[in-house]
Amino acid sequence: MNQPYYSTANGAKRRLTVFTFASPRNFHYLAGRLIPWFTALGVLTGLAGLLIGLLVAPTDFQQGDAYRIIFVHVPAAWMSMLIYMAMAGWAGFGLAYHTGVSSIMASALAPTGALFTFLALWTGALWGKPTWGAWWVWDARLTSELILLFLYLGYMGLHASIADPRRADRAAAVLALVGAVNIPIIYFSVYWWNTLHQGPSVTLGNAPTMAPAMLAAMLLMVAAFWCYGIAVALRRARCIVLERHGSAAWLRRRTK
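Heads up: the sequence shown at position 211 corresponds to 208 in the numbering used here, and the numbers run straight through without jumps.
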């Protein structure tokens, strides 16, 4: 099997490995190339998801049109957990292999994860008022999701409170890894406890319990949120690279 190579700025060829883009220089370049693609894909899938969800998907026979908030609520809730797992993975990788770019990606993902978690809680409250008659209940799913928001805020607060970036990365990584235990609690809470929150409408191995148009709209919104999350995280990561490596010669040449 032929080993892939890539060309450097001076034309030299180097072997492409999993650690190639652990270099801040290579990562900064790759992120800049990927951001426009993820942004465009996110806009297109988001528009398609909203159009199908609002105009094509049928009205629910129990909740009427109030259910349509799930096209924002459910993807936001999924993304809040997926981003935390990605953040913990990057943080753990950086802690184990001392790769600065991994820690930078973890830091870049945290604000976006917190945003999606807040959006899931807020849209859940809007949905819960007409459904349950209350803006908030101390349900196992809702409470564990609120704890997830506090974990994001705690990660960002701990990182910001330590002046040395390397020490901040290590301390925040430990918190992220410990907090990862909350993710299965969020997911399995509707199975482990008698909760008001309904069970999942889409599960692996089982047929979905919603109309095809509803499922299509939801999956398109998940794709849109995921593309948005990647795009803004990469843009934020590039800014962190500028902060930490602003004096590097390669970065001064690239930003001229």
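Don't be surprised by glycine CBs; every beta carbon is placed ideally from N, CA and C.
Paired residues, beta bridge with residue i - DSSP
| i | result |
| --- | --- |
| D328 | The displayed coordinates of the chain run from -2 to 253. Any statement about residue 328 would go beyond what the structure contains. |
Limits of the unbroken alpha helix (DSSP H) element including residue i
| i | result |
| --- | --- |
| L172 | 162 to 176 |
| M207 | No alpha helix (DSSP H) contains M207, which DSSP labels as neither H nor E. |
| A93 | 67 to 94 |
| S104 | 97 to 129 |
| L41 | 21 to 48 |
| L146 | 137 to 158 |
| W132 | Neither: W132 is in no alpha helix (DSSP H) and is coded neither H nor E. |
Contact check, residue i vs residue j, beta carbons under 8 angstroms
| i | j | result |
| --- | --- | --- |
| T114 | L79 | no |
| A234 | A28 | yes |
| A230 | M82 | no |
| P127 | A54 | no |
| W124 | I66 | yes |
| A170 | G91 | yes |
| V174 | A85 | For clarity, residue 174 is Leu in the given sequence; the question names Val instead. Yes. Within cutoff. |
| M153 | P108 | yes |
| C224 | L38 | yes |
| V238 | P21 | yes |
| V69 | M218 | yes |
| A214 | G50 | yes |
| G121 | L139 | yes |
| L118 | E142 | yes |
| A298 | I159 | As displayed, the chain neither begins before -2 nor continues past 253, which places residue 298 out of reach and without an answer. |
| R232 | P162 | no |
| S100 | D57 | no |
Classification of residue i by the beta-carbon crowding that lies within 10 angstroms, buried from 16 upward
| i | result |
| --- | --- |
| H95 | exposed |
| F222 | buried |
| C236 | exposed |
| A6 | Per-residue confidence for A6 stands at a pLDDT of 48, beneath the threshold of 50, marking its modelled position as unreliable; no derived number is given. |
| G130 | exposed |
| F35 | buried |
| F24 | buried |
| W135 | exposed |
| A93 | exposed |
| G61 | exposed |
| A105 | buried |
| L52 | exposed |
| A88 | buried |
| A228 | buried |
| V178 | exposed |
Any non-hydrogen atom of the ligand FMN within 7 angstroms of residue i CB
| i | result |
| --- | --- |
| E142 | Looking for the ligand FMN in the displayed structure turns up nothing, as the structure carries no ligands at all. |
Three-pair Cβ contact test at 8 angstroms for the region 176 to 192 versus the region 42 to 49
At 8 angstroms Cβ cutoff, the stretches do not touch.
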